[in-house]
Amino acid sequence: MKLTHLYATELNETVTQVYPDLPEDLQLKLVNHPHARELSLPQDWWSDNTLVRLLKDTEFCLSRQAVAQKYGGYQFGHWNPLLGDGRGLLLGEVENQTHQRIDLHLKGAGQTPYSRQGDGRAVLRSTLREYIGSEALFHLGIPSSRALCLFDSTETVLREMPETAAMMIRTAPSHLRFGHFEYYYHSGDSANLTRLFEHTFIHHFPEVLSQANPHQALLKAIVLRTARMVALWQAYGFVHGVMNTDNMSVHGITFDFGPYAFIDNFVSNAVFNHTDHQGRYAFDQQPGVALWNLNALAQAFSGYCSTDELKQTLMLFEPTFMSCYQQLMATRLGFSESNEQSLALVNGFLSMLANQQRDYHKLFRKLSGQDLHQKESAMRDDFIDRSEFDSWWQQYRHYRLASGDPSAQSALMDSVNPVVVARTHHLQYAIDAAKEGDYAVTRELLQALQSPFDAKWLSTQWADGPIEETAVSLSCSS
Ligand code: AMP
Ligand code: MG
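With this note's numbering, letter number 381 in the sequence shown gets 381, and the count goes up by one each step, no holes.
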């Protein structure tokens, strides 16, 4: 293992050293072994609860220089300078097998100077949701932080009700949030803002250093990556839930999983976060919010770029988002090219799903198995208004037949239309069992989510939508 503490040393004025304070009777319950191998982590950490014993030792390499990072963020549109790692610690960076540095971040390890009224803990329910959700997105091809391991404990913490304290280690190329840059900009601390930019250029975006204006090139990279990430969220029906700028990664990876959800029946303005009364972070608001957040981030670049440069860079968001989203949606319907006809068919399919409240994931997947030579498809029975489907089907099958070989199209569709996504009710099964000490359900679900496009899951419970569509409401910061 090659471990460094570059952030903690190069940005030492922006962090506070904090030793992990572990919940009582902590037990290692889940390990992402393939990921641990990619990071060349010692094998002996994972047996006999060894890592827990090691983390308690203040001389252990991961505990010795653990730090809480300071950042701010726009929360529901309002600037908040008081944020930072209130229950998370950056343990250091390790080099993976392709020589990239990856952060190890411990979540739920006690209070820090940025905890405000919080107890520094994370609960089993939300930790498990993050573990499963981040792996699910990663295997769908959506950039995301990753889960390395999870621990539960016998400690009870109070949320809306008493809950079990848990802890996880997550990984990411870095934990640099939009809110890091915003904080040093808004607090007028230009020395640390400069250091932050230098650190980001050198360690994370070295390619921008050869550009005429590295700051503008960095902003451009963040805009493009964010646009692509959100396009994938929209294409796969993922709702992040709390797109505050402290939860946005400069790497354009999905980050800080809270009240997220995959939609079941297609509702374009779906909201699952019960504190989001205005629907600010509703499913169909996400692209606009991402651009709003990028605008907020761009202010931190204003000392290094002209207003024109900032505007031009931000203008790259929309075309990047649109082309990425439209291309993927065309592929999901079996077309290799996104054009006026394929887009009209995508929109027609989406509006049928929305009008008739049908399952988003199942029906996309089902399309590849339909016989295009039949004037009537069995899929008509999946819709309440069958005639609406019939007329869409006529246009769809004709255009598919005119566009190429149906079996090649179907294979392409199956490679992008998942059988399994991390649906809220699946997560709940896993949580209910884990609360009883049984992680077998979680392991089974994780296994399915590791190959979400594989037809072998079609005959399992993981392909199913919820039995009854009940209103789902999830809480933040638990
Ligand atoms: P989140 O909503 O999880 O993105 O968190 C927003 C802010 O609240 C961040 O600064 C977190 O570190 C902090 N925070 C959330 N939950 C806790 C907690 N239980 N204890 C301390 N700080 C917390
Ligand atoms: Mg957060």
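All C-beta atoms in this analysis are idealised placements derived from N, C-alpha and C, irrespective of residue type, glycine included.
Keep in mind it's a predicted model, so treat the numbers as computed, not measured.
- In this chain, the beta strand (DSSP E) harbouring residue 74 covers 73-75.
- Per the C-alpha coordinates, the member of 100, 27, 76 and 109 positioned closest to residue 63 is 109.
- In terms of side-chain proximity, the C-beta atom of residue 87 is found nearer than 7 angstroms to a non-hydrogen atom of ligand 1.
- A heavy atom of ligand 2 is found nearer than 7 angstroms to the CB of residue 246.
- Cβ contact annotation for residue 56 (same chain, cutoff 7 angstroms, sequence separation greater than five): 22, in chain order.
- Under DSSP, residue 171 forms a beta bridge with 104 and 146.
- A straight-line Cα-Cα distance of about 6 angstroms links residue 145 and residue 171.
- Within its own chain, the residues whose Cβ lies closer than 6 angstroms to the Cβ of residue 60, once the five positions on either side in sequence are excluded, are 54, listed in chain order.
- Between the alpha carbons of residue 235 and residue 250 lies a distance of about 21 angstroms.
- DSSP places residue 93 inside the beta strand (DSSP E), whose first and last residues are 88-95.
- With a cut-off of 7 angstroms, the C-beta of residue 91 is classified as distant from ligand 1, since no heavy atom of the ligand falls inside that distance.
- Taking the C-beta atoms as reference points, residue 140 is found nearer than 8 angstroms to residue 418.
- Listed in chain order, the non-local C-beta contacts of residue 230 below 8 angstroms within the same chain comprise 286, 287, 290 and 321, local neighbours out to five positions each way being set aside.
- A direct Cα-Cα distance of roughly 14 angstroms separates residue 207 from residue 197.
- Within a 10 Å sphere around the beta-carbon of residue 182 sit 16 or more other beta-carbons, which makes this residue buried.
- In the three-state scheme derived from DSSP, where H, G and I count as helix and E and B as strand, residue 463 is classed as helix.
- Residue state for residue 163 is assigned as strand, using DSSP reduced to three classes.
- Around the beta-carbon of residue 168, 16 or more other beta-carbon atoms lie within 10 Å, marking it buried.
- A residue is called buried when at least 16 other Cβ atoms come within 10 angstroms of its Cβ; residue 367 meets this threshold and is buried.
- The criterion of a C-beta distance shorter than 8 angstroms is not satisfied by residue 104 and residue 131.
- As the crow flies, the alpha-carbon of residue 176 is around 25 angstroms from that of residue 308.
- Taking a C-beta distance under 8 angstroms as the contact criterion, residue 202 and residue 297 do not qualify as a contact pair.
- DSSP, read as helix, strand or coil, puts residue 177 in strand.
- Taking a C-beta distance under 8 angstroms as the contact criterion, residue 189 and residue 71 do not qualify as a contact pair.
- Within 7 angstroms of the C-beta of residue 84 there is at least one heavy atom belonging to ligand 1.
- Taking the Cα of residue 455 as reference, the smallest distance to any Cα among 350, 272, 414 and 27 is reached at 414.
- The beta-carbon distance between residue 358 and residue 385, rounded to whole angstroms, is 10 angstroms. This is too long to meet the 8 angstroms contact definition.
- Residue environment for residue 264: buried (at least 16 other C-beta atoms within 10 angstroms of its C-beta).
- Annotation for residue 103 indicates a beta carbon at 7 angstroms or more from all heavy atoms of ligand 1.
- DSSP, read as helix, strand or coil, puts residue 375 in coil.
- Spanning the alpha carbons of residue 300 and residue 318 requires a straight line of approximately 21 angstroms.
- Annotated three-state conformation of residue 155 is strand, per DSSP.
- Sequence-distant Cβ neighbours of residue 32 in its own chain, meaning closer than 8 angstroms and more than five residues away, are 135, 146, 147, 148 and 149.
- The region 345-408 contains no complete beta strand (DSSP E) run of 3 or more residues.
- Membership of residue 295 in the alpha helix (DSSP H) is indicated by the continuous run 286-299.
- Taken from the Cβ of residue 242, at least one heavy atom of ligand 1 lies inside 7 angstroms.
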